[in-house]
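Those protein sequence lines, which keep their order, are chains C and P. For what it's worth, the numbering used here labels the leading residue of the first sequence as 731, then goes sequentially. For what it's worth, the numbering used here labels the leading residue of the second sequence as 731, then goes sequentially. The beta-carbon is built from N, C-alpha and C at its ideal position, and this holds for glycine as well. The structure appears right after this line, and notes come after that.
Protein chains: 2
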Amino acid sequence: MKTIASRHNPSFKRLREALRRPEQEIALEGRKQVEDAIAAGWKPALLVTRGPIREDAVAFTPELFDALSDTSTPQDLIGLFLRPRHDAGDILRSGRAPVVVLDAVQDPGNVGTIIRLAAAFDCAGVILLHGCADAYSPKAVRASAGAILAVPVAQARARAVLDSGLPLFAADARGAPIDPPAREAALVFGSEGGGVSNELLLAATAIRIPMSGRVESLNVAASAAILLARSFAIRGT
Amino acid sequence: MKTIASRHNPSFKRLREALRRPEQEIALEGRKQVEDAIAAGWKPALLVTRGPIREDAVAFTPELFDALSDTSTPQDLIGLFLRPRHDAGDILRSGRAPVVVLDAVQDPGNVGTIIRLAAAFDCAGVILLHGCADAYSPKAVRASAGAILAVPVAQARARAVLDSGLPLFAADARGAPIDPPAREAALVFGSEGGGVSNELLLAATAIRIPMSGRVESLNVAASAAILLARSFAIRGT
Chain C
731 MKTIASRHNP SFKRLREALR RPEQEIALEG RKQVEDAIAA GWKPALLVTR
781 GPIREDAVAF TPELFDALSD TSTPQDLIGL FLRPRHDAGD ILRSGRAPVV
831 VLDAVQDPGN VGTIIRLAAA FDCAGVILLH GCADAYSPKA VRASAGAILA
881 VPVAQARARA VLDSGLPLFA ADARGAPIDP PAREAALVFG SEGGGVSNEL
931 LLAATAIRIP MSGRVESLNV AASAAILLAR SFAIRGT
Chain P
731 MKTIASRHNP SFKRLREALR RPEQEIALEG RKQVEDAIAA GWKPALLVTR
781 GPIREDAVAF TPELFDALSD TSTPQDLIGL FLRPRHDAGD ILRSGRAPVV
831 VLDAVQDPGN VGTIIRLAAA FDCAGVILLH GCADAYSPKA VRASAGAILA
881 VPVAQARARA VLDSGLPLFA ADARGAPIDP PAREAALVFG SEGGGVSNEL
931 LLAATAIRIP MSGRVESLNV AASAAILLAR SFAIRGT
């Protein structure tokens, strides 16, 4: 099969669309992420390589391949997968481990990192409220290290979380230094500047992570790492 | 005082040097970081604003100011501070909370985030081994959220850590699911791809963070968040 060099090629256009507007399909970049996804049972809709290096993939010239990505990390494989669709109601009703709720977490790297943490610590899913970065953008998918396929993620309104009946907890520096919930609950993390919005905060038990007075706050992904790891540790005992 | 528009202005050159090669002075970007540093007792060597907005600062035109930064986050204040100098031996001998040791952590965002965590959880300092990103680069300083001034950071060889006599622990997926050390110890985190190098790993007690089988590993800053928070929590009890 010949190596594709043209930007008019349909595979190029399809991949570019998935990277720019991941509405239908999402792109996983890098051998490890793509192969892990395939090993986990996901069927790639399209595999594209930098140069002709594998038979099951469409080969682009290095120039064409490099035109696709905004990352400086050299990759030689991109896989296109159907964008997963999950229902926020299903996630909120799944009733086992805590549901992670993100409130205006704008940085796609943080959103992706927290999705990876939700997979690592076996959460029921991730709910994105108003003002969050797109979980399927290339930056978020990259930060999730492939976990975007392993964790149910959906957008919802704060009202849906409030109406779910789940006990509500929020990471907040003014809270009590208590353990996070181990099971059925919603655990809300807010933006680094604004914190959790009042609508949710007023209905929630606020949890503070004990720390020294040398910093004022933690990065939201660091807070999530600490509380989700702790929730998983308690669940296991 | 007039607003400076020229790239030949000495303040512009000095600030650009601190952003490109932070050997003598380091730049803190943003009102919050600069004002927190001043409140903590640090004396800025130079303050520069985007337009004439405060009397104690040199005003640049917005065009000149924007030419300095590679971040997309709009800021209007940069402060220049003397680069802190710490001795690795002093950090390793400080004998109280654990010392964080980073082994080939290449991403400046991760290095900065871990420095912020070391401040939050009151570690004795951060030792950077071969292959780590520069802790004083603008990206790392930004991720540290000002903590770069609050935590002793120094470069060292692995040999210095081994010879310090400190009990050695390493974050490693093949380790035991035990608590991290609460006091005098060195806690090593490796690169996401390569992990902790064998030279240190062989001399260390490996600690695994318990997690589900849904992901293979965590981001190094997430691992650090979990273990350092836990170390701080145990220390307090």
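Check your understanding: With 9 Å set as the bound, which would you pick, yes or no: does the beta-carbon of P/A901 sit closer than that to a beta-carbon of chain C?
Key -> P/A901 does not count as touching chain C.
Point to revise | Between the CA atoms of C/E785 and C/E946 - distance to the nearest angstrom | key: Take the alpha-carbon of C/E946 and the one of C/E785: they are about 53 Å apart.
Review point. Does the count of Cβ pairs from the stretch 873 to 881 of chain P and the stretch 843 to 852 of chain P closer than 8 Å reach three?
Key: With a cut-off of 8 Å on Cβ pairs, the stretch 873 to 881 of chain P is in contact with the stretch 843 to 852 of chain P, counting three or more such pairs.
Practice item. Compare the C-beta of C/R904 against all C-beta atoms of chain P and say whether one is closer than 9 Å. Key: Output row for C/R904: interface = no.
Practice item. Give every residue of the same chain whose Cβ lies closer than 8 Å to the Cβ of P/A787, excluding the five residues on either side of it in the sequence, and list them in chain order. Key: So the qualifying residues of the chain are L777, V778, T779 and L807.
Review point. Does C/N949 have its Cβ less than 9 Å from a Cβ in chain P?
Key: Using beta-carbon distances, C/N949 counts as an interface residue toward chain P, with a partner under 9 Å.
Practice item. Using only alpha-carbon positions, find the residue among C/A954, C/V764 and C/V856 that is nearest to C/A775. Key: Just measuring C-alpha positions, the residue of C/A954, C/V764 and C/V856 sitting nearest C/A775 is C/V764.
Check your understanding: For a contact meaning CB atoms closer than 9 Å, what does C/F795 contact in chain P?
Key -> By Cβ distance, chain P contributes nothing, its closest Cβ being about 21 Å from C/F795, past 9 Å.
Exercise for review: Rounded to whole angstroms, what's the CA-CA distance from C/A912 to C/L958? Just pull it up for me.
Suggested key: The alpha-carbon of C/A912 is positioned some 9 Å away from that of C/L958.
Review point. Considering only residues of the same chain and omitting the five flanking positions on each side of C/R965, which have a CB-CB separation below 6 Å?
Key: Cβ neighbours of C/R965 beyond the five flanking positions: A912.
Review point. How big is the Cα-Cα spacing for C/Q885 and C/A933?
Key: Approximately 20 Å between the Cα atoms of the pair.
Check your understanding: Can you pull the DSSP bridge partners for P/S970?
Key -> Outside the shown range of chain P, which is 731 to 967, sits residue 970 of chain P, and nothing can be said about it.
Check your understanding: Which of the residues in the stretch 765 to 796 of chain P, read from start to end, lie with their CB under 8 Å from any CB of chain C?
Key -> Answer set for the stretch 765 to 796 of chain P: D766.
**Study point:** Counted within 10 angstroms of its Cβ, other Cβ atoms place C/E759 as buried (16 or more) or exposed
**Key:** C/E759 counts as buried, since at least 16 other C-beta atoms from the protein chains shown sit within 10 angstroms of its C-beta.
Review point. Taking one C-beta from the stretch 739 to 754 of chain P and one from the stretch 919 to 936 of chain C each time, how about it: are there three or more such pairs within less than 8 Å?
Key: Taking a cut-off of 8 Å for Cβ pairs, the stretch 739 to 754 of chain P and the stretch 919 to 936 of chain C do not touch, as fewer than three such pairs fall below it.
Check your understanding: Does DSSP put C/I964 in a helix, in a strand, or in coil?
Key -> The answer is helix: DSSP assigns C/I964 an H, G or I state.
Check your understanding: What three-state label does DSSP hand P/Q968 in the structure shown?
Key -> Lying before the first or after the last residue shown, residue 968 of chain P is absent from chain P, which here runs from 731 to 967.
Practice item. Pull out every residue of the stretch 924 to 942 of chain P whose Cβ sits closer than 8 Å to any Cβ of chain C, in chain order. Key: Going along the stretch 924 to 942 of chain P in chain order, one finds I939, P940, M941 and S942 with a Cβ nearer than 8 Å to chain C.
Check your understanding: According to a CB-to-CB cut-off of less than 7 Å, which residues of the stretch 833 to 864 of chain P neighbour chain C?
Key -> Against chain C - using a Cβ distance shorter than 7 Å - the residues of the stretch 833 to 864 of chain P are T843, R846, L847, A849, A850, F851 and D852.
**Study point:** Backbone secondary structure at P/D786 - three-state DSSP
**Key:** Coil.
Point to revise | Closer than 9 Å to chain P by CB, C/V881 | key: Yes, C/V881 lies at the interface with chain P (some Cβ there is under 9 Å from its Cβ).
Practice item. Could you tell me whether the Cβ atoms of C/I857 and C/A900 are closer together than 9 Å? Key: Not a contact, by the Cβ cut-off of 9 Å.
Check your understanding: In chain order, which continuous runs of the beta strand (DSSP E) of length 3 or greater are located wholly inside the stretch 866 to 936 of chain C?
Key -> Taken in chain order, the whole beta strand (DSSP E) runs of length 3 or more contained in the stretch 866 to 936 of chain C are 883 to 885, 898 to 906 and 916 to 920.
**Study point:** Cβ pair count under 8 Å reaching 3, the stretch 907 to 925 of chain P against the stretch 809 to 820 of chain C
**Key:** Contact annotation: the stretch 907 to 925 of chain P does not touch the stretch 809 to 820 of chain C, with fewer than three C-beta pairs closer than 8 Å.
Practice item. Name the two residues that bound the continuous alpha helix (DSSP H) containing C/G809. Key: That residue, C/G809, is in no alpha helix (DSSP H); its beta strand (DSSP E) goes L807 to L812.
Review point. Would you report the Cα separation of C/S942 and C/F795, rounded to the nearest angstrom?
Key: For the pair C/S942 and C/F795, the Cα-to-Cα distance works out to about 47 Å.
**Study point:** P/V950 beta carbon less than 9 Å from that of P/V830
**Key:** No, they are not a contact pair.
Point to revise | Under 8 Å by beta carbon: chain C residues contacting P/G966 | key: Those are P940, listed as they occur along chain C.
Practice item. Say whether chain C places a C-beta atom closer than 9 Å to the C-beta of P/A873. Key: Contacts with chain C at 9 Å (Cβ-Cβ) include P/A873.
Check your understanding: Where does C/E755 sit, in a helix, a strand or coil, going by DSSP?
Key -> C/E755 carries a strand assignment under DSSP once its states are collapsed to helix, strand and coil.
Review point. In whole angstroms, what separates the C-alpha of C/C862 from that of C/I878?
Key: One C-alpha to the other measures close to 15 Å.
**Study point:** The alpha helix (DSSP H) enclosing C/S820, as first and last residue numbers
**Key:** Looking at the sequence shown, residue 820 of chain C is not Ser but Asp. That run of the alpha helix (DSSP H) goes A818 to R823.
Practice item. Using three-state DSSP, classify C/D837 as helix, strand or coil. Key: Three-state result, C/D837: coil.
Exercise for review: Spell out the partners DSSP gives P/G855 in its beta bridges.
Suggested key: The bridge partners DSSP lists for P/G855 are P/V829.
Check your understanding: If P/A955 and P/P868 are in contact, beta carbons under 8 Å, what's the gap, nearest whole angstrom?
Key -> Rounded, the Cβ-Cβ distance is 22 Å, inconsistent with contact.
Practice item. Look at P/A822 and P/A916 and say whether their C-beta atoms are less than 9 Å apart. Key: At residue 822 of chain P the sequence reads Leu, which differs from the Ala that was named. Result yes, Cβ atoms of P/L822 and P/A916 sit closer than 9 Å.
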